[in-house]
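Q:
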Amino acid sequence: MQRQGDSRGSRVNERKLLHEQTLGMSRKTSLLACGLISADITFRVGEMPRRAEKYRADDVRFSLGGGGAIAAVAMQRLGAEVQLAGRLGDDLFGDLLRTEIDRRSLGYGLLSCIPNGKSPISSVFVDDSGERQIVNYRQPDTVLPPKSATDTDTEPRESIETTAFDATRLQSIDTPDAVLVDTRWEAAAIQVLAFARQAGIPGVIDGEAPVSHTAMALASHIAFSRQGLRNYAGVDEVEAGLRQAQTEFACWVAVTDGEQGVYWLEGHGAESRLAHMPAFAITSVDTLGAGDVWHAAFTLQLARGACEEVAIRFANAAAALKCQSNDGLDGIPSTEQVMRFLQADDEVQRVSH
Ligand SMILES: Nc1ncnc2c1ncn2[C@@H]1O[C@H](COP(=O)(O)OP(=O)(O)OP(=O)(O)O)[C@@H](O)[C@H]1O
Ligand SMILES: [Mg+2]
2 MQRQGDSRGS RVNERKLLHE QTLGMSRKTS LLACGLISAD ITFRVGEMPR RAEKYRADDV
62 RFSLGGGGAI AAVAMQRLGA EVQLAGRLGD DLFGDLLRTE IDRRSLGYGL LSCIPNGKSP
122 ISSVFVDDSG ERQIVNYRQP DTVLPPKSAT DTDTEPRESI ETTAFDATRL QSIDTPDAVL
182 VDTRWEAAAI QVLAFARQAG IPGVIDGEAP VSHTAMALAS HIAFSRQGLR NYAGVDEVEA
242 GLRQAQTEFA CWVAVTDGEQ GVYWLEGHGA ESRLAHMPAF AITSVDTLGA GDVWHAAFTL
302 QLARGACEEV AIRFANAAAA LKCQSNDGLD GIPSTEQVMR FLQADDEVQR VSH
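So, in structure tokens, the structure goes:
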């Protein structure tokens with residue numbers, strides 16, 4: 002597989018890091034993931050529902066979904082200790098999600114429950130050709146509080162804000178080695194990135210549309226999706242979009258571009274150049290959450306002291322392995338599996354040169 006942007010220094014850095022990780026010499030990395038948590042109900046159907054009829058599914062899976070939760074699971078499977086920050090409703094799906102978060106031993110000290118709120122839910126249909134259809138519900142910014150026994154329907158009830166985040170809760174957790182936020186809960190993303198900045202640890206934002214300028218201004222690293230970069234810059238051209246972001250936010254900027262891999266700016270200002278690392282050539286069977294796994298793996302490697310280029314290669318491999326698997330969250334690899342994959346690729350490179 003062809004790679005650009007490789008340098009001798011970063012390859013040495015990668016080998017040293019991988020060696021330490023293989024020997025288990027590094028202590029458990031601690032990370033915070035903040036973002037959307039949703040209940041995903043995935044139905045396998047022979048034919049995509051298109052008419053107002055009853056359909057029968059061949060299989061069904063209930064799983065933790067949403068960028069924040071998938072990233073948190075990925076970080077954990079890759080060997081980190083994880084705190085998950087996000088919002089749930091106080092409904093049946095909220096209970097199911099809490100049970101699942103508990104079962105997976107994710108830290109939930111930063112979870113918020115919205116009184117009378119509904120949990121985000123995605124109904125996903127996957128047909129025999131692998132085509133997907135997703136219907137997502139996310140709670141609005143305000144909800145009505147629960148009715149008390151004395152409430153009458155004529156008395157107006159003041160609605161509750163669902164977007165507020167109590168930043169003092171961040172003081173109650175051990176400072177992580179890095180944080181990752183998505184754009185689905187802006188108030189929390191801003192507080193978490195401000196916390197990371199103050200603690201002097203990497204603060205990564207998954208730049209999905211709609212992007213948050215306030216949050217991005219606090220990040221040390223912005224890794225857009227292709228759609229997110231377009232939404233931010235208003236142009237389709239990768240280099241122009243990244244340059245605009247680097248000028249505005251003065252931080253490290255990149256974009257993930259599915260099977261095209263990753264583009265980033267090396268250096269700053271007039272000195273900077275566009276670098277590219279292709280994705281690994283694999284047979285993909287499920288790309289759902291590939292970006293979340295990528296961001297989780299990238300953040301983990303930064304927390305472990307890797308340079309960005311090494312972190313990108315690791316993240317590309319983690320996301321590729323996820324895409325190759327049909328096991329949903331259980332198909333997210335461990336660090337050891339990623340390293341074996343990278344070493345096999347190194348061997349292919351060595352033999353072919
Ligand atoms: N088909 C694929 N083959 C190999 N690697 C892939 C493939 N799709 C995604 N990846 C890897 O995952 C990374 C992130 O994917 P992508 O850019 O599609 O994320 P995204 O647009 O944020 O999507 P989502 O968040 O919905 O998963 C890519 O940069 C690449 O390294
Ligand atoms: Mg994404």
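For the sequence shown, this note's numbering begins at 2 and goes up steadily by one. Glycine residues also receive a C-beta, built at the ideal position from the N, C-alpha and C atoms. Values in this document were obtained by computation on a predicted structure and should not be read as measured data.
1. Taking the beta strand (DSSP E) that residue 281 belongs to, which residues open and close that run?
2. Could you pull the start and end residues of the beta strand (DSSP E) that residue 138 belongs to?
3. Taking only the alpha-carbon atoms, compute the straight-line gap between residue 303 and residue 123 and give it to the nearest angstrom.
4. Within 10 angstroms of the Cβ of residue 350, are there 16 or more other Cβ atoms? Answer buried if so, exposed if not.
5. How big is the Cα-Cα spacing for residue 245 and residue 141?
6. Going by alpha carbons, who is nearest to residue 225 out of 292, 28, 280 and 174?
7. Grouping DSSP H, G and I as helix and E and B as strand, with all else coil, what is residue 223?
8. Rounding to the nearest angstrom, what Cα-Cα distance links residue 335 and residue 145 in this structure?
9. Residues with a Cβ closer than 7 Å to any heavy atom of ligand 2, in chain order?
10. Return the chain-ordered list of same chain residues with a C-beta closer than 7 Å to the C-beta of residue 95, the five sequence neighbours on each side being excluded.
11. Confirm, please, whether the CB-CB distance from residue 329 to residue 62 is below 8 Å.
12. State yes or no: is the C-beta of residue 205 within less than 8 Å of the C-beta of residue 299?
13. If you draw a straight line from the alpha carbon of residue 203 to that of residue 126, how long is it in whole angstroms?
14. Taking the straight line between their C-alpha atoms, what separation do you get for residue 268 and residue 296?
15. Start and end of the alpha helix (DSSP H) containing residue 192?
16. Entirely within the stretch 284-338 and at least 4 residues each: give me those alpha helix (DSSP H) ranges in chain order.
17. If you measure between the beta carbons of residue 379 and residue 56, is that distance less than 8 Å?
18. Taking 7 Å as the cut-off, is the CB of residue 193 close to at least one heavy atom of ligand 1?
19. Return yes when the C-beta of residue 260 is under 7 Å from any heavy atom of ligand 1, and no when it is not.
20. Could you pull out every residue in the same chain whose Cβ sits closer than 8 Å to the Cβ of residue 332, ignoring the five residues on either side in sequence?
21. Taking the C-alpha atoms as reference points, what is the distance between residue 24 and residue 178?
22. Considering only their Cβ atoms, is the gap separating residue 319 from residue 79 smaller than 8 Å?
23. How many whole angstroms separate the CB atoms of residue 294 and residue 75, which I take to be in contact at a CB cut-off of 8 Å?
24. Give the range of the beta strand (DSSP E) segment to which residue 62 is assigned.
25. Confirm, please, whether the CB-CB distance from residue 242 to residue 236 is below 8 Å.
26. According to DSSP, is residue 204 helix, strand or coil?
27. From the DSSP output, in three-state form, read off residue 354 for me.
A: Once the coordinates are examined:
1. Counting from 1 along the sequence shown, the entry for residue 281 is found at position 280. Counting along the chain, residue 281 falls outside any beta strand (DSSP E), and DSSP gives it neither H nor E.
2. For the purposes of this step, residue 138 is identified with residue 137 of the sequence shown, where counting begins at 1. Where residue 138 is concerned, the enclosing beta strand (DSSP E) stretches over 133-138.
3. The count along the sequence shown starts at 1 and reaches residue 303 at position 302. The count along the sequence shown starts at 1 and reaches residue 123 at position 122. Their backbone Cα atoms lie some 31 Å apart in a straight line.
4. Counted from its first residue, the sequence shown places residue 350 at position 349. Result: exposed.
5. Working through the sequence shown from its first residue, we reach residue 245 at position 244. Working through the sequence shown from its first residue, we reach residue 141 at position 140. For residue 245 and residue 141, the distance between alpha carbons rounds to 31 Å.
6. Within the sequence shown, numbered from 1, the residue matching residue 225 stands at position 224. Among 292, 28, 280 and 174, the Cα nearest to that of residue 225 is on 292.
7. To locate residue 223, count along the sequence shown from 1; it is residue 222. Strand at residue 223.
8. If you number the sequence shown from 1, residue 335 lands on position 334. If you number the sequence shown from 1, residue 145 lands on position 144. C-alpha separation (whole angstroms): 43 Å.
9. 68, 207, 209, 226, 292 and 293
10. Your numbering for residue 95 matches position 94 in the sequence shown. The answer, listed in chain order, is 89, 114 and 120.
11. Here residue 62 corresponds to residue number 61 of the sequence shown, with the count starting at 1. Here residue 329 corresponds to residue number 328 of the sequence shown, with the count starting at 1. Yes; because the gap between Cβ atoms is below 8 Å, this pair is in contact.
12. Here residue 205 corresponds to residue number 204 of the sequence shown, with the count starting at 1. Here residue 299 corresponds to residue number 298 of the sequence shown, with the count starting at 1. Result yes, Cβ atoms of residue 205 and residue 299 sit closer than 8 Å.
13. One-based indexing of the sequence shown puts residue 203 at position 202. One-based indexing of the sequence shown puts residue 126 at position 125. In a straight line, the C-alpha of residue 203 is about 37 Å away from that of residue 126.
14. The count along the sequence shown starts at 1 and reaches residue 268 at position 267. The count along the sequence shown starts at 1 and reaches residue 296 at position 295. If I take the Cα positions, the gap works out to 21 Å.
15. Here the question's residue 192 lines up with position 191 in the sequence shown. Unbroken alpha helix (DSSP H) run through residue 192: 187-200.
16. 291-304 and 309-325
17. Residue 379 lies beyond the residue range present for the chain, which begins at 2 and ends at 354; the question has no answer from this structure.
18. Along the sequence shown, one-based indexing puts residue 193 at 192. Checking the Cβ of residue 193 against ligand 1 gives no.
19. Taking the sequence shown and counting its residues from 1, one reaches residue 260 at position 259. Because some heavy atom of ligand 1 lies under 7 Å away, the Cβ of residue 260 counts as near it: yes.
20. On the sequence shown, residue 332 is found 331 positions in, with the first residue counted as 1. Excluding sequence neighbours, residue 332 sits near 287, 322, 323, 325 and 326.
21. What you label residue 24 is simply residue 23 of the sequence shown in a count that begins at 1. What you label residue 178 is simply residue 177 of the sequence shown in a count that begins at 1. Low confidence applies to residue 24: its pLDDT is 49, below 50, so where it sits in the model is not reliable enough to give any reading.
22. As a position in the sequence shown, residue 79 is number 78, starting the count at 1. As a position in the sequence shown, residue 319 is number 318, starting the count at 1. In contact: residue 79 and residue 319 (Cβ atoms closer than 8 Å).
23. Your numbering for residue 294 matches position 293 in the sequence shown. Your numbering for residue 75 matches position 74 in the sequence shown. Sure, about 4 Å apart at Cβ, within 8 Å.
24. As a first step, residue 62 is located in the sequence shown; it is residue number 61 there, counting from the start. 60-66 is the extent of the beta strand (DSSP E) around residue 62.
25. By 1-based counting over the sequence shown, the position of residue 236 is 235. By 1-based counting over the sequence shown, the position of residue 242 is 241. Yes, Cβ-Cβ distance for residue 236 and residue 242 is below 8 Å.
26. The sequence position of residue 204 within the sequence shown is 203, counting from 1. Residue 204: strand per DSSP, three-state reduction.
27. Counting from 1 along the sequence shown, the entry for residue 354 is found at position 353. Coil.
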